[in-house]
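Visitor:
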Amino acid sequence: MMLMTTSDLPLRRIARGKVRDVYEVDAGRLLLVATDRVSAYDVVMAEPIPMKGAVLTQLSAWWFRQFGDLVKHHMISADADEIAAAVPALKGHREALAGRAMLCRRGSVFPIECVIRGYLSGSAWREYARAGTLAGEKLPPGLAESGRLDPPIFSPATKAESGHDENITVGRMRELLGAEVTAELERLTRLVYTKGRDVAAARGIIIADTKLEFGRGGSGEILLIDEVMTPDSSRFWPADSYQPGKPQPSFDKQPLRDWLDVERHAGRWNGEAPAPRLPPEVVEATSKRYLDAYRRLTGVELERS
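Residues in the sequence shown are numbered from 587 upward in steps of one, following my numbering.
1) Just to confirm, are V778 and L809 a CB contact at a threshold of 8 Å?
2) Using the DSSP secondary-structure output, state which residues sit across from M661 in a beta bridge.
3) Along the beta strand (DSSP E) that carries S820, what are the first and last residues, could you check?
4) Please list the segments of the beta strand (DSSP E) lying wholly inside the region 795-840, counting only runs of 3 or more residues, in order along the chain.
5) Rank Y609, R783 and G639 by C-alpha distance to the C-alpha of L617 and give the top, closest one.
6) Of the residues A794, A687 and K781, which one's Cα is nearest the Cα of E731?
7) Give the secondary structure of G757 by DSSP, where H, G and I count as helix, E and B as strand, and everything else as coil.
8) My output table needs one value for T591: the three-state DSSP class, helix, strand or coil.
9) On a CA-only basis, which of T768, R850 and A687 is nearest R606? Give me that one, please.
10) Quick one: give me the first and last residue of the beta strand (DSSP E) that V611 is part of.
11) Could you tell me whether the Cβ atoms of E633 and L798 are closer together than 8 Å?
12) Examine chain D for any beta-carbon lying closer than 8 Å to the beta-carbon of G639, and answer yes or no.
13) Quick test of the definition: if touching needs 3 or more C-beta pairs under 8 Å, does the region 726-745 touch the region 694-708?
14) What beta strand (DSSP E) runs, 3 residues minimum, are completely inside the region 622-659?
15) For P737, does the three-state DSSP call read helix, strand or coil?
Structure follows, in structure tokens:
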């Protein structure tokens with residue numbers, strides 16, 4: 587599978603995110619193409635991560651299939667041949683589609699990241715350690731870093747076009763979306779997380795937290811959209827080495843973050859774009875983490891063609 591830092595397809599590209607290119611197929615469909623771009627600390631690296639886009643797309647597709655009738659979602663197909671057959675303009679572009687493209691139902695996106703935390707980590711732990719709160723709301727005293735939260739905490743965030751998303755209270759979410767929509771998005775988020783947590787646990791993986799996105803389809807129904815429970819949107823920890831009270835190893839771009847931290851502390855990077863060039867061993871280690879997450883969850887190796 588070829589490396590891809592940007593896509594060039596004979597459709598109108600309507601958005602370009604840190605990782606995904608979004609194309610308009612028609613009034614009811616979009617094409618999402620996950621490139622191999624990688625970002626850390628809100629900076630996109632110059633070097634792509636081999637197979638990353640395919641992992642994000644195919645793992646999301648695998649999860650959508652696991653959910654069955656549990657929740658409605660936007661995926662039509664993540665198979666290159668099916669997509670080319672459904673969109674005549676894409677015939678002859680199979681190599682660019684293979685593994686990394688998803689044909690989706692179109693909808694209006696709710697401007698909220700639906701984050702759910704089953705364990706206290708990341709920005710939530712940093713706020714709790716500093717102030718005993720999450721998004722300004724008090725949590726019980728005595729919680730440990732990486733400790734299990736029972737029940738999991740629904741912790742929405744505003745979606746930022748650039749920079750960090752901002753944690754908000756459920757009350758603030760109600761002000762933005764209304765009480766009925768907020769309650770339904772929380773219900774669906776808890777439903778998806780519980781299913782995903784249980785599936786992953788049977789495969790020796792803890793899903794510490796995840797962020798989900800939802801939109802409203804053309805008929806008014808709420809759809810689960812974008813990526814689902816990938817190493818970019820979730821924290822995956824190996825269950826066999828889990829120990830609360832400290833950070834956990836994870837199946838994501840941690841090798842990249844660790845290397846950037848060293849560069850930052852040594853004064854060789856100021857934390858802003860452009861990032862320093864990534865050594866080949868960091869690129870390889872990061873790619874292996876993504877592929878390992880896919881293999882452990884699905885039970886199969888990701889095809890490279």
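Cβ atoms here follow ideal geometry from the backbone N, Cα and C, with glycine treated the same way. Quick caveat, the model's predicted, so the values are computed rather than measured.
Guide: From the atom records:
1) One-based indexing of the sequence shown puts residue 778 at position 192. One-based indexing of the sequence shown puts residue 809 at position 223. For V778 and L809, no; Cβs fall outside 8 Å.
2) Stepping through the sequence shown from its first residue, residue 661 is reached at position 75. M661 is bridged to C690.
3) Taking the sequence shown and counting its residues from 1, one reaches residue 820 at position 234. Here the beta strand (DSSP E) through S820 covers S820 to P824.
4) As for any beta strand (DSSP E) of minimum length 3 sitting wholly inside the region 795-840, the runs are 808-811 and 820-824, ordered along the chain.
5) Working through the sequence shown from its first residue, we reach residue 617 at position 31. Among Y609, R783 and G639, the Cα nearest to that of L617 is on Y609.
6) As a working mapping, residue 731 is identified with position 145 in the sequence shown. Nearest option by C-alpha distance: A794.
7) Mapped onto the sequence shown, residue 757 falls at position 171. It is helical.
8) Taking the sequence shown and counting its residues from 1, one reaches residue 591 at position 5. If DSSP states are grouped into helix, strand and coil, T591 belongs with coil.
9) Here residue 606 corresponds to residue number 20 of the sequence shown, with the count starting at 1. Ranked by Cα distance from R606, the options T768, R850 and A687 are led by A687.
10) Within the sequence shown, the letter at position 25 stands for residue 611. It spans R606 to D612 - the beta strand (DSSP E) in which V611 sits, taken as one unbroken run.
11) Walking along the sequence shown from the start, residue 633 turns up at place 47. Walking along the sequence shown from the start, residue 798 turns up at place 212. It is not a contact, given that the beta carbons lie outside the stated cut-off.
12) In the structure shown, chain D does not exist; there is a single protein chain.
13) As far as the Cβ criterion goes, the region 726-745 touches the region 694-708, which means the pair count is three or higher.
14) As far as the region 622-659 is concerned, it has no whole beta strand (DSSP E) run of at least 3 residues.
15) Against the sequence shown, residue 737 aligns to sequence position 151. In the three-state reduction of the DSSP assignment, P737 falls in the strand class.
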